[in-house]
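Residue numbers (UniProt numbering): 1 to 89.
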């Protein structure tokens with residue numbers, strides 16, 4: 001994927017995550033597979049997190065810290081944050 005496709009993909013993924021259409025684990029899995037194409041072990045090393053932590057994140061298990069999540073998202077120019085909830089109706 002070229003630079004523009006990558007940016008469009010990241011924007012769409014961020015929007016889906018913000019809207020609650022996908023989980024954090026699904027977002028991390030897609031970033032790892034679709035953007036980097038790396039296996040879990042290599043990606044975990046690149047993020048400087050344990051393989052166990054990455055597996056738990058991708059399976060929506062455990063309770064990762066903000067620092068751990070940002071270690072993953074920072075590689076893609078993203079970070080965890082607070083957004084206003086959409087009003088019902």
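We treat Cβ as the ideally placed atom computed from N, Cα and C, and that holds for glycine.
Residue i vs residue j beta-carbon contact at 8 Å
i	j	result
residue 28	residue 5	no
Cβ neighbours of residue i in the same chain (closer than 7 Å, five flanking residues each side left out)
i	result
residue 43	32, 36 and 54
residue 25	57, 58, 59 and 60
Supposed contact pair residue j and residue i - C-beta distance, whole angstroms, cut 8 Å
i	j	result
residue 13	residue 30	6 Å
residue 76	residue 10	6 Å
residue 67	residue 73	Actually they are not in contact, since the Cβ atoms of residue 67 and residue 73 sit about 11 Å apart, beyond 8 Å.
Same chain only: Cβ atoms within 8 Å of residue i, ignoring 5 sequence neighbours per side
i	result
residue 22	13, 16 and 30
residue 38	32 and 46
residue 40	32, 51, 54, 55 and 58
Proximal residues to residue i (C-beta, below 6 Å), its chain only, five neighbours per side dropped
i	result
residue 69	80
residue 64	57
> In chain order, which alpha helix (DSSP H) runs of at least 4 residues are fully inside the UniProt domain "HTH cro/C1-type" (28-83)?
Replying inline: 40-47, 51-58 and 66-73
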